[in-house]
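Engineer:
2 protein chains.
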Amino acid sequence: MFESAEIGHRIDKVTYKQQVPALREDLLDAQLDLVQCGKFPVLILIAGVDCAGKGETVNILNEWLDPRYIETHALRDLTDEELERPPMFRFWRAFPATGKIGIFIGSWYSQPLVLNVYDEIDNAEFDQRLDRIVHFENMLCREGSLILKFWLHLSKSAQKKRLKKLESDPKTSWRVTDTDWRNYKHYDRFRRASERMLRTTSTAEAPWIIVEGADPRYRYLTIGKLIHESLRRRLDAAPGPVAAEAFPPMITAVNGLRILQTLDLSQALKKGDYRDQLAKWQGRLNLLSRHPDFKKISVVAVFEGHDGAGKGGSIRRVTQALDARSYRVTPVAAPTDEELAQPYLWRFWRHLPRRGRFAIFDRSWYGRVLVERVEGFCSQADWMRAYGEINDFEEQMVCHRTVVVKFWLSISKDEQLRRFEKRQKIGFKRYKITDEDWRNREKWDDYELAVCDMIDRTSTEIAPWTLVEANDKCFARVKVLETLCDRIEEALEAVENIE
Amino acid sequence: MFESAEIGHRIDKVTYKQQVPALREDLLDAQLDLVQCGKFPVLILIAGVDCAGKGETVNILNEWLDPRYIETHALRDLTDEELERPPMFRFWRAFPATGKIGIFIGSWYSQPLVLNVYDEIDNAEFDQRLDRIVHFENMLCREGSLILKFWLHLSKSAQKKRLKKLESDPKTSWRVTDTDWRNYKHYDRFRRASERMLRTTSTAEAPWIIVEGADPRYRYLTIGKLIHESLRRRLDAAPGPVAAEAFPPMITAVNGLRILQTLDLSQALKKGDYRDQLAKWQGRLNLLSRHPDFKKISVVAVFEGHDGAGKGGSIRRVTQALDARSYRVTPVAAPTDEELAQPYLWRFWRHLPRRGRFAIFDRSWYGRVLVERVEGFCSQADWMRAYGEINDFEEQMVCHRTVVVKFWLSISKDEQLRRFEKRQKIGFKRYKITDEDWRNREKWDDYELAVCDMIDRTSTEIAPWTLVEANDKCFARVKVLETLCDRIEEALEAVENIE
Numbered sequence: 040m041f042e043s044a045e046i047g048h049r050i051d052k053v054t055y056k057q058q059v060p061a062l063r064e065d066l067l068d069a070q071l072d073l074v075q076c077g078k079f080p081v082l083i084l085i086a087g088v089d090c091a092g093k094g095e096t097v098n099i100l101n102e103w104l105d106p107r108y109i110e111t112h113a114l115r116d117l118t119d120e121e122l123e124r125p126p127m128f129r130f131w132r133a134f135p136a137t138g139k140i141g142i143f144i145g146s147w148y149s150q151p152l153v154l155n156v157y158d159e160i161d162n163a164e165f166d167q168r169l170d171r172i173v174h175f176e177n178m179l180c181r182e183g184s185l186i187l188k189f190w191l192h193l194s195k196s197a198q199k200k201r202l203k204k205l206e207s208d209p210k211t212s213w214r215v216t217d218t219d220w221r222n223y224k225h226y227d228r229f230r231r232a233s234e235r236m237l238r239t240t241s242t243a244e245a246p247w248i249i250v251e252g253a254d255p256r257y258r259y260l261t262i263g264k265l266i267h268e269s270l271r272r273r274l275d276a277a278p279g280p281v282a283a284e285a286f287p288p289m290i291t292a293v294n295g296l297r298i299l300q301t302l303d304l305s306q307a308l309k310k311g312d313y314r315d316q317l318a319k320w321q322g323r324l325n326l327l328s329r330h331p332d333f334k335k336i337s338v339v340a341v342f343e344g345h346d347g348a349g350k351g352g353s354i355r356r357v358t359q360a361l362d363a364r365s366y367r368v369t370p371v372a373a374p375t376d377e378e379l380a381q382p383y384l385w386r387f388w389r390h391l392p393r394r395g396r397f398a399i400f401d402r403s404w405y406g407r408v409l410v411e412r413v414e415g416f417c418s419q420a421d422w423m424r425a426y427g428e429i430n431d432f433e434e435q436m437v438c439h440r441t442v443v444v445k446f447w448l449s450i451s452k453d454e455q456l457r458r459f460e461k462r463q464k465i466g467f468k469r470y471k472i473t474d475e476d477w478r479n480r481e482k483w484d485d486y487e488l489a490v491c492d493m494i495d496r497t498s499t500e501i502a503p504w505t506l507v508e509a510n511d512k513c514f515a516r517v518k519v520l521e522t523l524c525d526r527i528e529e530a531l532e533a534v535e536n537i538e
Numbered sequence: 040m041f042e043s044a045e046i047g048h049r050i051d052k053v054t055y056k057q058q059v060p061a062l063r064e065d066l067l068d069a070q071l072d073l074v075q076c077g078k079f080p081v082l083i084l085i086a087g088v089d090c091a092g093k094g095e096t097v098n099i100l101n102e103w104l105d106p107r108y109i110e111t112h113a114l115r116d117l118t119d120e121e122l123e124r125p126p127m128f129r130f131w132r133a134f135p136a137t138g139k140i141g142i143f144i145g146s147w148y149s150q151p152l153v154l155n156v157y158d159e160i161d162n163a164e165f166d167q168r169l170d171r172i173v174h175f176e177n178m179l180c181r182e183g184s185l186i187l188k189f190w191l192h193l194s195k196s197a198q199k200k201r202l203k204k205l206e207s208d209p210k211t212s213w214r215v216t217d218t219d220w221r222n223y224k225h226y227d228r229f230r231r232a233s234e235r236m237l238r239t240t241s242t243a244e245a246p247w248i249i250v251e252g253a254d255p256r257y258r259y260l261t262i263g264k265l266i267h268e269s270l271r272r273r274l275d276a277a278p279g280p281v282a283a284e285a286f287p288p289m290i291t292a293v294n295g296l297r298i299l300q301t302l303d304l305s306q307a308l309k310k311g312d313y314r315d316q317l318a319k320w321q322g323r324l325n326l327l328s329r330h331p332d333f334k335k336i337s338v339v340a341v342f343e344g345h346d347g348a349g350k351g352g353s354i355r356r357v358t359q360a361l362d363a364r365s366y367r368v369t370p371v372a373a374p375t376d377e378e379l380a381q382p383y384l385w386r387f388w389r390h391l392p393r394r395g396r397f398a399i400f401d402r403s404w405y406g407r408v409l410v411e412r413v414e415g416f417c418s419q420a421d422w423m424r425a426y427g428e429i430n431d432f433e434e435q436m437v438c439h440r441t442v443v444v445k446f447w448l449s450i451s452k453d454e455q456l457r458r459f460e461k462r463q464k465i466g467f468k469r470y471k472i473t474d475e476d477w478r479n480r481e482k483w484d485d486y487e488l489a490v491c492d493m494i495d496r497t498s499t500e501i502a503p504w505t506l507v508e509a510n511d512k513c514f515a516r517v518k519v520l521e522t523l524c525d526r527i528e529e530a531l532e533a534v535e536n537i538e
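Top line first, the protein sequences correspond to chains A and B.
Quick note: to get our numbering, add 39 to the position in the first sequence (first position is 1).
Quick note: to get our numbering, add 39 to the position in the second sequence (first position is 1).
(1) Helix, strand or coil: which one does DSSP assign to VAL437/A?
(2) Per the DSSP calculation, PRO370/B is bridged to which residue(s)?
(3) Looking at chain A, is there any beta carbon in it that lies within less than 8 Å of the beta carbon of PRO382/B?
(4) Please name the residue or residues paired with GLY141/B in a DSSP beta bridge.
(5) Going along chain B, which residues have a C-beta under 8 Å from SER184/A?
(6) Output, in chain order, the set of chain B residues within a Cβ distance shorter than 7 Å of ALA163/A.
(7) Is HIS345/A helix, strand or coil by DSSP?
(8) Cα separation between ASP485/B and GLY347/B?
(9) I believe TYR257/A touches ILE50/A by the beta-carbon criterion, under 8 Å. Please report the beta-carbon distance rounded to the nearest angstrom.
(10) Taking the runs of the beta strand (DSSP E) that are 3 residues or longer, which of them lie wholly in the segment 172-229 of chain B?
(11) Using DSSP with H/G/I as helix, E/B as strand and the rest coil, what is LEU53/A?
(12) Considering LEU506/A, what are the terminal residues of the beta strand (DSSP E) in which it resides?
(13) Comparing C-alpha positions only, which one of LEU456/A, ALA277/A, LEU152/A and ALA307/A sits nearest to ALA515/A?
(14) Going straight from the alpha carbon of GLU414/A to that of LEU270/A, what length do you get?
(15) Please list, in chain order, the chain B residues whose beta carbon lies closer than 8 Å to that of ASP275/A.
(16) Pull out every residue of the segment 112-127 of chain A whose Cβ sits closer than 8 Å to any Cβ of chain B, in chain order.
(17) Thinking LEU391/A and ALA398/A are a contact (beta carbons under 8 Å), I'd like their distance in whole angstroms, please.
(18) Have a look at ALA530/A and PHE333/A and give me their C-alpha separation to the nearest angstrom.
(19) Examine chain A for any beta-carbon lying closer than 8 Å to the beta-carbon of PHE134/B, and answer yes or no.
(20) For ALA340/A versus LEU523/A, is the C-beta spacing smaller than 8 Å?
(21) Could you give the first and the last residue of the continuous alpha helix (DSSP H) run that contains ILE494/B?
(22) Taking only runs that begin and end inside the segment 277-313 of chain B, name each unbroken alpha helix (DSSP H) of 4 or more residues, in chain order.
(23) Can you confirm whether CYS32/B, when its beta carbon is compared against all beta carbons of chain A, has any partner nearer than 8 Å?
(24) Going straight from the alpha carbon of LEU62/A to that of ARG214/A, what length do you get?
(25) Would you call the CB atoms of MET178/B and TRP147/B closer than 8 Å?
(26) Any C-beta of chain A sitting closer than 8 Å to the C-beta of LEU179/B?
(27) For the alpha helix (DSSP H) that contains ILE336/B, what are its first and last residues?
(28) Whose CA, out of GLY138/A, LEU169/A, ILE140/A and LEU299/A, lies closest to the CA of VAL153/A?
(29) With a threshold of 8 Å between beta carbons, is LEU367/A in contact with chain B?
(30) Starting from TRP247/A, trace the beta strand (DSSP E) both ways and give me its first and last residue.
(31) How would you call PRO370/B, buried or exposed, if buried means at least 16 neighbouring beta carbons within 10 angstroms?
(32) Following the continuous alpha helix (DSSP H) through TYR383/B, name the residue where it begins and the one where it ends.
(33) Starting from the beta carbon of HIS174/A, find every residue of chain B whose beta carbon is closer than 7 Å, and list them in chain order.
(34) Quick one: Cα of LEU324/B to Cα of GLU343/B, how far?
(35) Can you name the start and end residues of the alpha helix (DSSP H) that THR242/B belongs to?
(36) Using alpha carbons as the reference points, say which of LEU448/A, ASN536/A, ARG478/A and PRO503/A lies closest to ASP511/A.
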């Protein structure tokens, strides 16, 4: 979930200076239209990791927008007045009226998160509170509010660096408190809890937008542009219930840097190394699959990737290591009549493995947010709600001791071309290349955007994506096998004492 | 929530025989259309109190409908196959395809309910599971499914009677198991837990429909008619996302008997008795309001009722007993500009009382499901979602130790006419009667339907409605005072050991 916010997004000074004036003008225009139409209120939540620049961001927004129509709320300790009413009272008091923008640092998310991190409420109660928040935000959305939720993220090392830097400068050292360092010590727990929180409360109407916090210019530009785009969409929307097209946009990195581009696709294995590694990991996988505790778990492996990235080859290297009775490979193509007569996820549920078995999916339920999104096979509302539904689905598997391993096999556009051309030349490989492959290739950018959104929204602590650099097939296959072994080993360790 | 299902609904044999043939024809017609259009699947859940006739109802449905397009699932213990997959697997396997009807006795609700009743999961985990169910059903609804959830209810005495009757007859005694008697012993816990469940999972798209189970003819006719009506609505709906108008209907009693009609409005108090009682309860209320623990709680009293039912007079009898500094009466009329610029509930949140205070609402947030519904001031989607939002709102108050007391002051149509005419004659009361009152009177039946729906959907264990027979003003006032005192006393007892 935080992958895309740890790749070191930056905006250089020159670009920033070039872009800011136009953005400020756009923002003011949009805000003025909002004030004049007075149709809906805007709630902007600025949350995230300590010292990721929440305060500075709010200051910038107040500078860029017309502060007369902005109310900023930094809600900390409850006042007497508030203590005597239900917890949500303070937020109801602080709501912006239609036409206004309310900016919240510290929101209805703050308390449940902290309580969960410090073990004062367990996951069940945490979920209960988060679900109440979802109800609450649903209500606000249906009442017409535009809710923008920004999560400023810092990796552990980036947070440490920033705390040290702020502390070392006498002018900023006051900003680092003991609480900040205490929270830093709990970074991993914070990360896990906030991931759960973001996953549970990211709805199609009010998704979380995760922004890398390390570089201020990147942060300001991203948030500024997203606020502008969201405002415009909503202002331009038809009257009546808000359609999916007017929901806040999924993030697109303002500097054009996407996680897939950060992969080092040049990684490769020499022939000899490959043979050794393959033997090693296939052997390990075979042993694991015959481990006595393996009958207490099951494995679902998902293979997605660019056309021609070598999904089939990788899958074969996995199955070679397994007893044919213990796995089933399900290639996912167009749905059958029977499948069309059921809810979308039905055709995957039916293939869930029994205990002690592998289910390998050659393409998967992610088709909904990839091909169906890009080709318009389903409505925007449908694929937007799919992220949450997929996370639910995978959570159910994981809770039932299924190891969910998801691979994205990534190749460069050039490498794809090379492979396509080669396939056309080799007779027995010709069936593998169709007109559709060439058509998809034309939509390379659209697909890439969809893939990055997919990773941001569905790579979770419990079911993370593994991005596989696949320009070199050997490297890819070994990485797949190794990852699979690691994840199964982890699960076997966790399961040791059960039953 | 169960009030309307405990008033002894019956259908006599003659009426039943008259109505069934036409209903069966309608049902078959609708089912045939469903099969032919094949656009959506229908899931019918038959749940409820033990021995309320779930099995018999399913048999009747199979008799009335064409069983070739029905799949009945009585899901009990998990099979081996199912145990090895996540809990929802069995239901995914059992889904009806589009054009088909799936009837479920025992559903995704069964396990969480039983676990909560027998204390194997606490309320937080119960809520967590229920919220997952809501997500799940939301997904099904958005995928196009029509979900009809029937809850067959029996009062405690009715259940006992039925268990005894079944047991005494050798032909049916096998139907009563030890589990049934064990569950009966936990009737009150079952009732509380199922109320919580029904409240949490009644959504606009898939509301629970509560049916009194005591009389089989009433039960069959109600369920049959509701299935027919729901099918027709959905079949006739425009293509595309399902609009609120095509959601399953709220219940309307097939025998025309509504809870308001069961009130004995002839109840009255003699002048002398009234004076004594008034003094007694006002004194009690005053004492309670000065109880040392009263500063740990607060009171929200809601007065709704027919026009002319005497809300103002009742409120005055309450405030007479209180220190003017401790209460505020909020008359709810048309919203101000400022209120219109906020979400609907905002104008009530702002008047929530501090600890140790009373907030008295002369009309309230229930306007949404009464006048706004009847007069069409808001869309059907808006008032349908309001039930859930109101329950959320009141739950937040109750969790914060606010006593929520809700009164519906009920008078007969004749009594209203008498009062209206009297008011027109008495000079200083003339301002109390407007053209609007006369217009509302013309919509008496629409209002009454809305009131009954309101009571069914928002009278909860934690914030029940008190129906006040108000043809006699004295009787009404004393009942209001007495109820208020009882509820506050309860709260003070509960709060004794806190802080």
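For each residue, glycine too, the CB sits at the ideal point set by N, CA and C.
Keep in mind that this is a model prediction, so the values were computed, not measured.
Structural biologist: So, to answer that:
(1) Here residue 437/A corresponds to residue number 398 of the first sequence, with the count starting at 1. VAL437/A: helix per DSSP, three-state reduction.
(2) Reading the second sequence from its first residue, position 331 is the one you call residue 370/B. Paired residues: ASP401/B.
(3) Taking the second sequence and counting its residues from 1, the one referred to as residue 382/B is at position 343. Taking Cβ atoms only, chain A reaches closer than 8 Å to PRO382/B, which makes this a yes.
(4) If you number the second sequence from 1, residue 141/B lands on position 102. Answer is LEU82/B and GLU110/B, bridged to GLY141/B.
(5) Along the first sequence, read from residue 1 onward, the residue named residue 184/A stands at position 145. The answer, in chain order, is PRO382.
(6) Residue 163/A sits at position 124 when you count from the first residue of the first sequence. Going along chain B in sequence order, the residues near ALA163/A (Cβ under 7 Å) are ALA163, GLU164 and GLN167.
(7) The count along the first sequence starts at 1 and reaches residue 345/A at position 306. Coil, per DSSP.
(8) Locating residue 485/B in the second sequence gives position 446, where the first residue counts as 1. Locating residue 347/B in the second sequence gives position 308, where the first residue counts as 1. Computed Cα separation, rounded: 17 Å.
(9) On the first sequence, position 218 is the one that residue 257/A refers to. On the first sequence, position 11 is the one that residue 50/A refers to. Contact holds; Cβ gap of about 5 Å.
(10) 185-192
(11) Within the first sequence, the letter at position 14 stands for residue 53/A. Note that residue 53/A is Val in the sequence shown, not Leu. Three-state DSSP puts VAL53/A in a helix.
(12) As a working note, residue 506/A is residue 467 in the first sequence. LEU506/A -> beta strand (DSSP E) spans 504-508.
(13) Here the question's residue 515/A lines up with position 476 in the first sequence. Comparing Cα positions, the closest option is ALA307/A.
(14) Taking the first sequence and counting its residues from 1, one reaches residue 414/A at position 375. Taking the first sequence and counting its residues from 1, one reaches residue 270/A at position 231. In a straight line, the C-alpha of GLU414/A is about 26 Å away from that of LEU270/A.
(15) Position 236 of the first sequence, counted from the first residue, corresponds to residue 275/A. Ordered by position in chain B, no residue passes the 8 Å Cβ test against ASP275/A, which lies about 20 Å from the chain.
(16) Residues passing the 8 Å Cβ filter: GLU120, GLU123, ARG124, PRO125, PRO126 and MET127.
(17) Position 352 of the first sequence holds residue 391/A. Position 359 of the first sequence holds residue 398/A. Distance from LEU391/A to ALA398/A at the Cβ level is roughly 6 Å; contact confirmed, criterion being Cβ atoms closer than 8 Å.
(18) Taking the first sequence and counting its residues from 1, the one referred to as residue 530/A is at position 491. Taking the first sequence and counting its residues from 1, the one referred to as residue 333/A is at position 294. Approximately 9 Å, taken between the alpha carbons.
(19) As a position in the second sequence, residue 134/B is number 95, starting the count at 1. PHE134/B counts as touching chain A.
(20) By 1-based counting over the first sequence, the position of residue 340/A is 301. By 1-based counting over the first sequence, the position of residue 523/A is 484. It is a contact, given that the beta carbons lie within the stated cut-off.
(21) Residue 494/B sits at position 455 when you count from the first residue of the second sequence. Where ILE494/B is concerned, the enclosing alpha helix (DSSP H) stretches over 483-497.
(22) The qualifying runs do not exist here; there are none.
(23) Because chain B spans 40 through 538 in this model, residue 32/B falls outside it and cannot be assessed.
(24) Here the question's residue 62/A lines up with position 23 in the first sequence. Here the question's residue 214/A lines up with position 175 in the first sequence. Cα to Cα, the separation comes out at about 29 Å.
(25) Reading the second sequence from its first residue, position 139 is the one you call residue 178/B. Reading the second sequence from its first residue, position 108 is the one you call residue 147/B. No, these two residues do not count as a Cβ contact at 8 Å.
(26) The sequence position of residue 179/B within the second sequence is 140, counting from 1. Output row for LEU179/B: interface = yes.
(27) Numbered from its first residue, the second sequence carries residue 336/B at position 297. Unbroken run through ILE336/B: none, as it is neither H nor E.
(28) Taking the first residue of the first sequence as position 1, residue 153/A is located at position 114. Comparing Cα positions, the closest option is LEU169/A.
(29) Mapped onto the first sequence, residue 367/A falls at position 328. One detail in the question is off: residue 367/A reads as Arg in this sequence, not Leu. Cβ-Cβ to chain B under 8 Å: no for ARG367/A.
(30) Indexing the first sequence from 1 puts residue 247/A at position 208. Element bounds for TRP247/A: 247-251.
(31) If you number the second sequence from 1, residue 370/B lands on position 331. PRO370/B comes out exposed.
(32) For the purposes of this step, residue 383/B is identified with residue 344 of the second sequence, where counting begins at 1. Taken as a continuous stretch (DSSP letters only), TYR383/B belongs to no alpha helix (DSSP H), as it is neither H nor E.
(33) What you label residue 174/A is simply residue 135 of the first sequence in a count that begins at 1. Per Cβ cutoff of 7 Å: ASP431.
(34) Reading the second sequence from its first residue, position 285 is the one you call residue 324/B. Reading the second sequence from its first residue, position 304 is the one you call residue 343/B. Annotation: LEU324/B to GLU343/B spans about 21 Å, alpha carbon to alpha carbon.
(35) To locate residue 242/B, count along the second sequence from 1; it is residue 203. Counting along the chain, THR242/B falls outside any alpha helix (DSSP H), and DSSP gives it neither H nor E.
(36) Position 472 of the first sequence, counted from the start, is the residue given in the question as residue 511/A. Closest by alpha carbon: LEU448/A.
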